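Structure record follows, encoded as C-alpha cells.
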Amino acid sequence: MVLTKLLSVPPRYGLTPVAAITVLVLAVSVYFCAPRRNKKSALPVSVNYHFSRQCNKSCGFCFHTATTSFKLDDERAKVGLTRLKVAGMRKINFAGGEPFLYPKFLGTLVEFCKEQLRLESVSIVTNGSLVKKDFFQKYGKHLDILAVSCDSFKEQTNIEIGRGSGDQVRKLFEIRDWCLEFGVKFKLNTVVCNLNYREDMNATIAELRPFRWKCFQVLMVAGENDSEKTLRDVRKFQISDEQYAEFCRRHKDQPSFVAEPNNLMAKSYLILDEYMRFGPGWARPIGLDSRY
C-alpha cells in the first residue's frame, strides 16, 4: 500500500517515484544495518563534493586536475548524498574542476541538499567566470555561501597563474553584488604562491567586504600536481613557510582573513571525488556501484 502510494506521487526535487523508493530503502538499510559508531568515531559532517574534474581554466598549481571527464547523473548523485546525510553530513560544498560548467546539475543538487536533505550549509566554490545572475534568480534561495577563487587583483599575475581572462576583478564585484541582492554570503579563496605572496591586497579586500577570506598556502598533492608527469606541476609555484607568513602578516588585520597553511590544510578537508569516493586516508568509497 505504501509503495503503491509512493509510485503514484508526482516527482519532487528531481526524484522520480522509483528513485524516491530507492533512497528510502537505502536510508532504512543504512540506519538498521550499519555498524553503530561510538561517540569518538569520525562522521562526515562537512563534505567537499568535487563532482567533476573538468575546468575552463588552467591554474598551474591545481590539485584536482582533469584526469577524467566522468560525472554522475543527478539521480545517482542524490542517492549518494542521501546516504551521506544519514551518516551524519550537515554541510556540503560543491567544487570541481569548475562546477558552473554544469549549472543545471549544480543547481538541482543545491536545491536538493537544502530543501530535501535540510542541510545546515550548502556552498559552492567557483572561479567565477561562468557565474550568471539567472543562477541566483533560480537557486539563490537554496544557497548559503558562494566562494570565488581569486589569487591576485593584478590581471597579469592571474594570467601567469593560469586563471586570468582580462576581467576577473570586475567579475568579482559583479558576483559580490548578486550575492548581496539574493542573500548569499560572499566568500573569497586565495592560493598564496610565489607569484602573489608579495602583493598587498588590503585595499580591494576592504572594498569587496567578503564575509570570509581564506588564504591557502599553495599545496602539493601526490599524483595530482607533484611532478612533470602530472597535468599540473606545483613545484614552480611553491613558497617557504616564512614567505607565506609574510603574506599573512600583511593582511592579518582584515576582519574576514583566515590563514590555512599546509600543515593545517593537508588533513582538514573531507574530499568526495567524481565517483563519490573519499580521498586516500579518509574512508572507503560510498559504494554506489553495488546498489545498481
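Numbering (this note's numbering), first residue to last: 67 to 358.
Built from N, CA and C at the ideal position, the CB exists for glycine as well.
Source: prediction; values computed, not measured.
Span separating the alpha-carbon of residue i from that of residue j
i	j	result
S218	P169	26 Å
R278	K137	30 Å
R110	R156	The sequence as given places Pro at residue 110; Arg does not occur at that position. Going by the C-alpha atoms only, they are around 8 Å apart.
N39	Q283	The structure shown does not extend to residue 39, since the chain is modelled only from 67 through 358, so no value can be given for it.
K380	I158	Past the edges of the chain, shown from 67 to 358, lies residue 380, and the structure says nothing about it.
R236	R242	10 Å
L212	L175	15 Å
I227	L261	8 Å
Q309	L246	34 Å
T270	F201	25 Å
F252	P276	5 Å
A311	C121	30 Å
D266	K220	10 Å
G194	L238	7 Å
F344	S118	14 Å
Y263	V257	9 Å
L196	K280	21 Å
G163	Y115	11 Å
L338	R149	13 Å
G206	Q222	32 Å
L370	S189	Residue 370 cannot be examined here, being either before or after the span of the chain that is shown, 67 to 358.
Y341	V145	13 Å
K204	E240	17 Å
Exposure of residue i, with buried meaning 16 or more beta-carbon neighbours within 10 Å
i	result
P321	exposed
G154	exposed
K198	exposed
L185	buried
K59	Shown here, the chain extends from 67 to 358; a query on residue 59 therefore has no answer.
Q234	buried
N224	buried
T324	What sits at residue 324 in the sequence shown is Val, not Thr. With fewer than 16 Cβ atoms within 10 Å of its Cβ, V324 is classed as exposed.
D140	buried
F313	buried
G249	exposed
K302	exposed
D307	exposed
A143	buried
E326	buried
E273	exposed
L73	For L73, the pLDDT reaches just 44, beneath the cut-off of 50, and the residue's location in the model is therefore unreliable, although a value from the coordinates is still provided. Label assigned to L73: exposed.
DSSP bridge partner residues for residue i (one or two, in chain order)
i	result
F282	V257, E326
T192	V214
A161	H116
S306	DSSP output for S306 lists no bridge partner at all.
I337	N114
S187	K157
F344	L338
F252	L212
7 Å Cβ shell around residue i - same chain, five flanking residues per side excluded
i	result
V191	N159, A161, A213, S215, N255
N268	H317, Q320
S135	Q120
W244	K199, F202
S231	S195
F166	L172, T192, L196, V197
H208	V176, E177, K180, E181, V188
Own chain residues within Cβ distance below 6 Å of residue i, not counting five before or after
i	result
S187	K157, D210
R315	none
S112	K157
CB contact below 7 Å: residue i versus chain C
i	result
M342	The structure shown contains no chain C, having only a single protein chain.
Cutoff 8 Å; reference residue i; Cβ partners in own chain excluding five residues on either side
i	result
C259	F127, D217, I227, V284, F303, Q304, I305
L147	Y115, M155, I158, L175, F178, C179, L183
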